Amino acid sequence: MNEQLKLLVELQEIDSSILSIAEKIEALPEKLEQFKNPFKEAGNSLQKLRAQFETVGKNKKAKELELEEMQDRIVKLKARNKDIKTNKEYEAHLKEIEGFEKSRFKIEDEVLSLMESLDASGKEMQKEELKLKKAEEEFKQQERVVEEEKKILHAEMETYKTKRKEFVSKIDADMYEQYMNLLKRLGGLAVVPTKNEICLGCNTNIPPQLYNDIKKNENIFTCYYCKRFLYYKEK
Ligand SMILES: [Zn+2]
Numbered sequence: 560m561n562e563q564l565k566l567l568v569e570l571q572e573i574d575s576s577i578l579s580i581a582e583k584i585e586a587l588p589e590k591l592e593q594f595k596n597p598f599k600e601a602g603n604s605l606q607k608l609r610a611q612f613e614t615v616g617k618n619k620k621a622k623e624l625e626l627e628e629m630q631d632r633i634v635k636l637k638a639r640n641k642d643i644k645t646n647k648e649y650e651a652h653l654k655e656i657e658g659f660e661k662s663r664f665k666i667e668d669e670v671l672s673l674m675e676s677l678d679a680s681g682k683e684m685q686k687e688e689l690k691l692k693k694a695e696e697e698f699k700q701q702e703r704v705v706e707e708e709k710k711i712l713h714a715e716m717e718t719y720k721t722k723r724k725e726f727v728s729k730i731d732a733d734m735y736e737q738y739m740n741l742l743k744r745l746g747g748l749a750v751v752p753t754k755n756e757i758c759l760g761c762n763t764n765i766p767p768q769l770y771n772d773i774k775k776n777e778n779i780f781t782c783y784y785c786k787r788f789l790y791y792k793e794k
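If you read the sequence shown in the working numbering, its first letter stands for residue 560, the second for the next number, and so on.
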């Protein structure tokens, strides 16, 4: 193969590798983001549960206060026993006490139900806390994995860049300039193989005579349509 053509082909391989590494590095934050979501979600639901727990706790306290007041009223009512003179008054008095007792039982039931709800909420919170911890650990683990991948990719990139310099120093300046223009303009692809009389860069047909010449790999030809450097890949 023509020496300059061979250098161009190899330079293209290096640049394609550099581009692919750059793409992988760019995709890393998104990879990490996938693990950030469960972590965030667990944090949010824990916050909600905490707020719920607080509300139920406040309601319980208020009900307990209500219960105390009701008990006080009953005690005071019972103390009025000695002021009662007639049977009729006594009956009415008993009925009043009974009414208050009924209310007290009702409040007691409410306090009990709030206690149960608080207990369930507490357990739910514990579960969510564990979930959050696990999600956080997974996220941190993934963060380390991604950081490690990043280091490896950067090291690979440096290796390719060093190798690239060696190639560039051997390529004719004009040819390199042409190569760089194509690379920037045509999505990182400046040197392409041909196959069955077709340019694999733009899929345009190559005239048979030109294709025969390209197949020899003795001279440098470019695609008349996309202007990329062409070569023939030997099997
Ligand atoms: Zn082409």
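Don't be surprised by glycine CBs; every beta carbon is placed ideally from N, CA and C.
Source: prediction; values computed, not measured.
C-alpha gap between residue i and residue j, whole angstroms
i, j, result
"GLU702", "GLU696", "10 Å"
"LYS686", "LYS622", "28 Å"
"LEU608", "LYS599", "14 Å"
"LYS647", "ARG639", "15 Å"
"CYS782", "ILE765", "8 Å"
"SER728", "LEU759", "27 Å"
"LYS794", "ILE711", "33 Å"
"GLU669", "MET684", "22 Å"
"TYR784", "GLU725", "30 Å"
"LEU564", "SER579", "23 Å"
"ILE730", "GLU572", "15 Å"
"GLY722", "SER576", "First, the amino acid is wrong: residue 722 is Lys here, not Gly. Whole-angstrom Cα-Cα distance: 12 Å."
"MET734", "ASN603", "59 Å"
"PHE698", "PRO597", "9 Å"
"LYS595", "GLU688", "16 Å"
"ASP631", "GLU675", "25 Å"
"GLU582", "LEU673", "56 Å"
"HIS713", "VAL705", "12 Å"
beta-carbon residue i near ligand 3 non-hydrogen atom, thresh 8 Å
i, result
"ARG744", "No copy of ligand 3 appears in this structure; the ligands present are ligand 1."
Candidates the options: closest to residue i by CA position
i, options, result
"GLU715", "ASN561, ASP574, ALA601", "ASP574"
"MET655", "MET629, GLU667, GLU675, LEU673", "The sequence as given places Glu at residue 655; Met does not occur at that position. Per the Cα distances, MET629."
"ILE666", "SER680, GLU627, HIS652, LEU789", "GLU627"
"LEU587", "GLU707, GLU625, MET684", "GLU707"
"GLY658", "LYS637, MET674, ASN764", "LYS637"
"ILE779", "TYR770, SER728, TYR790, VAL615", "TYR790"
"PHE612", "LEU742, LYS709, LYS682", "LYS682"
"ASN618", "GLU592, LEU671, LEU567, ASN762", "LEU671"
"VAL568", "LEU742, GLN768, ILE757, GLU756", "LEU742"
"ASN776", "ASN762, ALA651, PRO752", "PRO752"
"LYS792", "LYS641, ASP678, ASN755, GLU589", "ASN755"
"LEU605", "TYR738, ILE773, ILE757, ALA694", "ALA694"
Paired residues, beta bridge with residue i - DSSP
i, result
"ASN778", "None, per the DSSP bridge assignment."
"THR753", "CYS758, TYR791"
"ASN764", "ILE757"
Environment of residue i [buried if 16+ CB atoms lie within 10 Å]
i, result
"ARG787", "buried"
"GLY746", "exposed"
"TYR719", "buried"
"TYR770", "buried"
"GLN700", "exposed"
"PHE664", "exposed"
"VAL634", "exposed"
"TYR649", "exposed"
"LEU624", "exposed"
"ALA610", "exposed"
"ALA749", "buried"
"ALA601", "buried"
Cutoff 9 Å: residue i Cβ touching any chain B Cβ
i, result
"TYR649", "This model lacks chain B altogether; it includes just one protein chain."
Under 7 Å from any heavy atom of ligand 1, by CB: list those residues in chain order, please. VAL751, CYS758, GLY760, CYS761, THR763, CYS782, TYR784, CYS785, ARG787
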